[in-house]
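Engineer:
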Amino acid sequence: MSEPVVDLRSDTVTRPTPEMRRAMAEAEVGDDVFLEDPTVNRLQERAAEIFGREAGLFVPSGTMGNLASILAQTRPGQEVVCEAAGHVYNYEMASMSAIAGVLPRVIETEDGILDWERIESAIRPPVYYRAQTAMVAVENTHNMAGGTVYPVEVADDICDRAHARGLRVHLDGARIFNAAAALGRDVAEITRGFDSVQFCLSKGLGAPVGSLIVGSRDLVDRCRPIRKMLGGGMRQAGVVAAAGLVALETGPGRLAEDHANARFLAERLAALPGVGLDPESVQTNIVIYDVSPGGLDAETFLEEARRRGVLGVPVDRRRVRMVTHRDAPRAAVERAASAVEEVVREAVR
Ligand code: TLP
133 MSEPVVDLRS DTVTRPTPEM RRAMAEAEVG DDVFLEDPTV NRLQERAAEI
183 FGREAGLFVP SGTMGNLASI LAQTRPGQEV VCEAAGHVYN YEMASMSAIA
233 GVLPRVIETE DGILDWERIE SAIRPPVYYR AQTAMVAVEN THNMAGGTVY
283 PVEVADDICD RAHARGLRVH LDGARIFNAA AALGRDVAEI TRGFDSVQFC
333 LSKGLGAPVG SLIVGSRDLV DRCRPIRKML GGGMRQAGVV AAAGLVALET
383 GPGRLAEDHA NARFLAERLA ALPGVGLDPE SVQTNIVIYD VSPGGLDAET
433 FLEEARRRGV LGVPVDRRRV RMVTHRDAPR AAVERAASAV EEVVREAVR
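For reference, each letter of the sequence shown is one residue, going 133 to 481 in my numbering.
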């Protein structure tokens with residue numbers, strides 16, 4: 133029998149565990165548009181508690197969580213400062229412009245990590261004939277920079293100084309639990325300065341669906357009607373929230389294993405002459421590497437890897453991303469490393 137495919141395209145590919153499926157089958161439900169789903173309410177309260185905030189809102193996706201947070205805190209014609217390789221700017225269908233009517237003002241960085249100095253230089257002067265900066269959007273971990281983590285002091289500094297300038301600060305914390313695991317800190321501590329925090333249940337935490345926005349009660353009260361407007365008012369959503377609760381309680385504690393597997397993969401690949409990668413740069417569960425030193429482009433490389441039962445995604449023409457997660461234990465990651473070694477060796481032969 134052939135071995136199962138090792139799917140490292142994303143940590144979104146994880147399937148619900150038997151415990152999640154049981155919780156889903158047994159979930160107590162009601163109509164969440166009437167605010168009457170007890171499981172959704174429990175998930176929202178628990179998320180708020182974990183993040184040390186007043187309230188939480190369950191949304192169908194990280195994309196909706198980011199957009200609702202932007203809509204709630206900006207007006208059309210204003211600007212949002214964000215990092216050039218960030219998710220809100222590149223992978224959300226330009227929704228901040230198409231729907232919220234705001235203009236992204238992007239800053240390029242090497243590692244995805246913004247700092248106040250760079251942000252400040254992108255803030256518009258307060259003259260009536262210029263678009264005004266309303267918000268800074270930060271991504272932690274930074275996906276396409278390779279899962280990089282914000283030092284807590286840098287995130288705090290951005291929030292403090294942005295607030296002093298009257299700006300809102302949103303955190304796309306799709307993988308904030310990975311950042312917390314890498315830093316050995318609580319999510320509440322590392323997100324305390326942000327006005328709105330979006331985090332995903334359906335990535336490394338392993339739930340099938342869903343994200344939360346956490347923040348003040350006022351923020352959540354503003355986001356709820358926006359969620360409805362965007363078509364995200366769900367009815368007996370407790371069925372999925374139940375899996376989310378299991379993910380929230382059991383997911384964070386095992387992320388260190390994904391990080392160790394990512395580092396293992398990175399070290400194996402960095403040893404190959406055909407791969408450009410510094411394993412020290414891999415801080416969490418995302419490994420991005422350059423296959424061009426071996427004379428390959430990302431698409432050709434990925435096709436060859438697929439033929440050997442290993443999946444990743446292209447980042448650009450030269451670089452490939454592989455993400456470790458619960459459904460790819462060490463043995464699977466070892467197989468992935470061996471397959472990549474074979475592809476690269478054959479290419480450089
Ligand atoms: N990221 C996906 C793809 O869209 C790229 C992935 O495979 O990594 N913020 C960040 C930082 C994300 O990485 C993602 C998903 C989202 C937001 C959006 O979450 P969903 O997919 O739930 O809308």
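Think of the CB as a built atom: it goes at the ideal place given N, C-alpha and C, for glycine as much as any other residue. Predicted model, so just to flag it, every value in this text is computed and none were measured.
Suppose the cutoff is 6 angstroms on Cβ atoms and the five residues either side in sequence are ignored; what does the same chain contact list for R262 look like?
Structural biologist: Position 130 of the sequence shown, counting from 1, holds the residue named residue 262. These residues qualify, in order along the chain: R256.
Engineer: Give a single yes or no on whether N275 has its beta carbon closer than 6 angstroms to a heavy atom of the ligand TLP.
Structural biologist: Counted from its first residue, the sequence shown places residue 275 at position 143. Yes, the Cβ of N275 comes within 6 angstroms of a heavy atom of the ligand TLP.
Engineer: Using the DSSP secondary-structure output, state which residues sit across from Q330 in a beta bridge.
Structural biologist: Translated into the one-based positions of the sequence shown, residue 330 becomes position 198. DSSP output for Q330 lists D304, I345 as bridge partner(s).
Engineer: If A437 and A471 are in contact, beta carbons under 8 angstroms, what's the gap, nearest whole angstrom?
Structural biologist: In the sequence shown, residue 437 corresponds to position 305, counting from 1. In the sequence shown, residue 471 corresponds to position 339, counting from 1. Confirmed, Cβ separation roughly 6 angstroms.
Engineer: Assuming T432 contacts H391 (C-beta within less than 8 angstroms), just tell me the rounded distance between them.
Structural biologist: The residue given as residue 432 occupies position 300 in the sequence shown. The residue given as residue 391 occupies position 259 in the sequence shown. In fact, because the Cβ distance is near 29 angstroms, the residues do not count as touching under 8 angstroms.
Engineer: Judging by CA-CA distance, which residue of V447, S424, V220, R453 is the nearest neighbour of V414?
Structural biologist: Locating residue 414 in the sequence shown gives position 282, counting from the first residue. When only C-alpha atoms are compared, the closest one is R453.
Engineer: Near A314, what residues of its chain come up, given a Cβ to Cβ distance below 6 angstroms and the 5 sequence neighbours on each side ignored?
Structural biologist: Taking the sequence shown and counting its residues from 1, one reaches residue 314 at position 182. Same-chain partners within the cutoff: V281, Q415, T416.
Engineer: Here's a check: name, in chain order, each residue in its chain whose Cβ is nearer than 6 angstroms to the Cβ of S227, leaving out the five neighbours to either side.
Structural biologist: If you number the sequence shown from 1, residue 227 lands on position 95. If we look at S227 and ignore the five residues flanking it on each side, its Cβ neighbours are L199.
Engineer: For the alpha helix (DSSP H) holding P150, just list the boundary residues, first then last.
Structural biologist: The count along the sequence shown starts at 1 and reaches residue 150 at position 18. Per DSSP, P150 belongs to the alpha helix (DSSP H) from 150 to 158.
Engineer: Could you tell me how far apart the beta carbons of S343 and C332 are, in whole angstroms, since I believe they sit closer than 8 angstroms?
Structural biologist: Taking the sequence shown and counting its residues from 1, one reaches residue 343 at position 211. Taking the sequence shown and counting its residues from 1, one reaches residue 332 at position 200. At roughly 5 angstroms, the Cβ-Cβ gap stays under 8 angstroms, so S343 and C332 are in contact.
Engineer: Once you ignore the five residues that flank D163 on each side, which residues in its own chain have a CB closer than 8 angstroms to its CB?
Structural biologist: As a working note, residue 163 is residue 31 in the sequence shown. Counting only Cβ-Cβ distances below 8 angstroms, and skipping sequence neighbours, we find D169, R367, Q368.
Engineer: Taking only runs of the alpha helix (DSSP H) that begin and end inside the region 407 to 444, which ones reach a length of at least 4 residues, in chain order?
Structural biologist: Runs of the alpha helix (DSSP H) inside the region 407 to 444: 430 to 439.
Engineer: If you count every other CB in all the chains shown that lies within 10 Å of the CB of D448, and 16 or more means buried, which is it?
Structural biologist: In the sequence shown, counting from the first residue as 1, residue 448 sits at position 316. Classification for D448: exposed.
Engineer: Could you check which residue in T265, F309, T241 has the C-alpha nearest to that of N272?
Structural biologist: Counted from its first residue, the sequence shown places residue 272 at position 140. N272 has its Cα closest to that of F309, out of T265, F309, T241.
Engineer: So which of F166, A187, V165 has the shortest CA-CA distance to L175?
Structural biologist: The count along the sequence shown starts at 1 and reaches residue 175 at position 43. The option with the nearest alpha carbon to L175 is A187.
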